[in-house]
Amino acid sequence: MSEQTTPTALSETESPKEAKARAKAGKAYAKATRPWFKKKRFIIPLLLAIMVVVIMLVNGGNDTPSTSANQDAPAADAPAKPGAGADAKIGTKVRDGKFEFVVTKSENVGKSIPTAFGQTEKAQGEFILVTVNATNIGDEAQTLDSTSQALFNDKGQKFSPSSALLSLKDADKFFLTNINPGNTVTGAPLLFDVPVGTKVASIQLHDSMLSDGVKVALS
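The opening position of the sequence shown corresponds to residue 1 in my numbering, with each subsequent residue numbered one higher.
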């Protein structure tokens, strides 16, 4: 096998063109015979691999996220309080749509209630009577709608008004009276038939069945 030799120095008779070609050939030869570990295409990936290994070694013991010693544990859900989430309380003005409401009273009136006709309405459970004042803050006459109102107990259960409301004195304030802009109806009754022992939490008052409603705490 013949030995490889690098191009030698040019003779004095070599032309500049030949010298340039000879230099180029020498550079190519040197590059071709360079050890593999000195070539860029090997050096760069090798360096990257080394960096990855170092990072893995440094972070090897930190796979599990650390927690602060004084980090608070998740709090257990507290039981809902009566009236929780209510916007106001009895005696406070609240608004929904074209009405401003003030709940003036909430009372448990027992298992029966006298009607406007001298008779008695009996509850399946017991009656809760809520009295409301309503002011029309809109631009046109509007009638209160009792069926859009709702009562809630401390468990979040929802109750609709009792049909016995129709027989109460002043029931027409919720059914038959148009309230003109700026006028107020006072003492409008809402009657609910709930199981005996129900803990009443709040009432949700609505401008209409399509409105968002506003809650008033009753306890």
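Note that beta-carbon positions come from the ideal geometry of N, C-alpha and C, so glycine has one too.
From a predicted model like this one, the values you see are computed outputs, not experimental measurements.
Asked, Found
"Burial state of K24 (16 or more Cβ within 10 Å)", "exposed"
"Counterpart residues of I128 in DSSP-defined beta bridges", "N108 and F192"
"Own chain, CB closer than 6 Å to F175, minus 5 neighbours either side, in chain order", "none"
"Simplified DSSP assignment, three categories, for D87", "coil"
"Where the beta strand (DSSP E) through K93 begins and ends", "K93 to D96"
"Assigned secondary structure, L151 (DSSP; H/G/I helix, E/B strand, else coil)", "strand"
"Sequence-distant residues of the same chain with beta carbon closer than 7 Å to N180, five excluded per side", "N136 and A141"
"Segment contact flag, the segment 94-105 with the segment 161-177, C-beta cutoff 8 Å, min 3 pairs", "no"
"Sufficient close CB pairs (3 or more, under 8 Å) joining the segment 192-204 to the segment 122-139", "yes"
"Limits of the unbroken alpha helix (DSSP H) element including K173", "D172 to F175"
"Selected residue, minimal CA-CA separation from G138, among F101, S106, K158 and A86", "F101"
"Assigned secondary structure, I137 (DSSP; H/G/I helix, E/B strand, else coil)", "coil"
"Burial state of F117 (16 or more Cβ within 10 Å)", "exposed"
"Same chain only: Cβ atoms within 8 Å of A78, ignoring 5 sequence neighbours per side", "Only weak support is given to the placement of A78: the predicted model assigns it a pLDDT of 42, under 50, and the question is left unresolved by the model."
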